Structure formats: structure tokens, C-alpha cells
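Q: Residue numbering for the sequence shown follows the working numbering, starting at 20 and increasing by one per position. C-beta atoms are modelled at their ideal positions from N, C-alpha and C, and glycine is treated no differently. Everything numeric in this text was worked out from a predicted model, so none of it was measured.
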Amino acid sequence: MQKTMEGREIQRIVVATDGSECSERAVSYAAWLARRLSAKVHVLFVSETNFAGPWYYYVLDDEVSAKIMRKGKAIADKAVRSLRDGGVADVESHVEEGHPGDIIPEMAKRLDADLIVMGTHGRRGLERALMGSVAREVANTTSVPLLLVK
20 MQKTMEGREI QRIVVATDGS ECSERAVSYA AWLARRLSAK VHVLFVSETN
70 FAGPWYYYVL DDEVSAKIMR KGKAIADKAV RSLRDGGVAD VESHVEEGHP
120 GDIIPEMAKR LDADLIVMGT HGRRGLERAL MGSVAREVAN TTSVPLLLVK
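1. With H, G and I counted as helix, E and B as strand and the rest as coil, what does DSSP make of Glu111?
2. Where does Val157 sit, in a helix, a strand or coil, going by DSSP?
3. Within the same chain, show all residues whose beta-carbon is closer than 6 Å to that of Lys92, passing over the 5 residues directly before and after it, in chain order.
4. Under 8 Å Cβ to Cβ from Arg103, same chain only, skipping five residues before and after it: list those, please.
5. Who does Gly138 pair with in a DSSP beta bridge?
6. I need the DSSP call for Glu82, collapsed to helix, strand or coil.
7. Ile123 and Ala49: beta carbons closer than 8 Å?
8. Do you know offhand how far Ser66's Cα is from Ile87's?
9. Flag this pair as yes or no: are the beta carbons of Val157 and Met137 separated by less than 8 Å?
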């Protein structure tokens with residue numbers, strides 16, 4: 020086993036994906052690390068179904084939420100296939116509902132992750148400006164080491 024600077028073995032990696040090109044690169048890095056460290060990879064997709072900003076709050080209806088969750092499962096399944104095709108045998112998929120900036124650190128802690136791998140950005144344009152950066156939120160709230168991939 021390889022060790023981090025604190026001497027902790029990296030045995031469990033959480034890779035967050037939203038299906039964007041940036042998150043696909045994060046999945047590739049997670050595969051590379053997992054092969055070298057013989058680590059388990061937890062693929063995590065978080066479906067944002069409530070949107071809030073300084074001037075609005077929006078809750079998606081059940082039908083739209085279910086559709087987003089199905090799409091999230093497809094995105095997570097694609098990442099799992101990519102990891103397995105890349106030589107990672109121990110992979111588990113998680114599709115959660117909530118705010119990614121909250122759920123990613125919570126899941127990493129719950130799964131006793133030694134490392135979180137995620138892209139620096141997934142959204143573009145106005146939505147990104149309104150919603151803020153999930154990577155920044157995770158970096159500011161997690162106690163788990165974080166690898167951000169551009």
C-alpha cells in the first residue's frame with residue numbers, strides 16, 4: 020500500500036462525477052491512482068433537485084426528479100464501466116439526492132474515504148455563476164484530502 024504524507028494508506032477513493040468532460044478526466048485519474056494503490060473506488064453522482072439563490076428557490080417536481088436520478092444512474096454506470104475497463108476491479112456506485120457541495124463531503128466521511136477526486140468545474144455559463152463552484156465548497160468543508168482535476 021502507498022501512503023499519504025500523514026502516513027495514512029489510500030484504500031478508498033471517492034470520485035464525484037456529473038458526466039462533464041472535466042469529471043470524466045477525474046474518473047481517469049481515479050482509475051490511475053486506484054490501480055497503483057490497489058484502492059477501492061466509490062463513484063458518486065449527486066442529483067441537485069432543489070435550487071436556491073439570493074433571489075429564488077425552486078423545487079423540481081417528482082417526475083423531473085426521477086428523470087434526473089435515472090440520468091445520474093446512467094452517468095455513474097458509465098464511470099463504473101470506465102473504471103473497470105481501466106483495470107479497477109473494486110468499484111461501487113452511489114447516486115444521491117441533495118446539494119453536491121454538502122453531499123460529497125458527507126459521503127466521503129460516511130464511506131471512510133482516504134481521498135476525494137473531482138473535477139474543478141462541471142457547469143458552464145450563468146448556471147455556474149448563480150450556483151457557485153461545487154469544487155470550492157467541497158474544498159472548504161471536507162476534512163478528506165481532495166484532488167481537483169482540470
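A: So, to answer that:
1. On the sequence shown, residue 111 is found 92 positions in, with the first residue counted as 1. Looking at Glu111 - three-state DSSP - the assignment turns out to be strand.
2. Taking the first residue of the sequence shown as position 1, residue 157 is located at position 138. Helix, per DSSP.
3. Against the sequence shown, residue 92 aligns to sequence position 73. Contacts found: Val114.
4. Indexing the sequence shown from 1 puts residue 103 at position 84. Excluding positions up to five away in sequence, the list reads Val110.
5. Here residue 138 is taken as the residue at index 119 of the sequence shown, counted from 1. In the DSSP output, where bridge partners are listed per residue, Gly138 has Val168.
6. Taking the sequence shown and counting its residues from 1, the one referred to as residue 82 is at position 63. Helix, per DSSP.
7. By one-based count along the sequence shown, residue 123 stands at place 104. By one-based count along the sequence shown, residue 49 stands at place 30. No; because the gap between Cβ atoms is not below 8 Å, this pair is not in contact.
8. In the sequence shown, the residue the question calls residue 66 occupies position 47. In the sequence shown, the residue the question calls residue 87 occupies position 68. The alpha-carbon atoms of Ser66 and Ile87 are separated by roughly 7 Å.
9. In the sequence shown, the residue the question calls residue 157 occupies position 138. In the sequence shown, the residue the question calls residue 137 occupies position 118. Taking the C-beta atoms as reference points, Met137 is found nearer than 8 Å to Val157.
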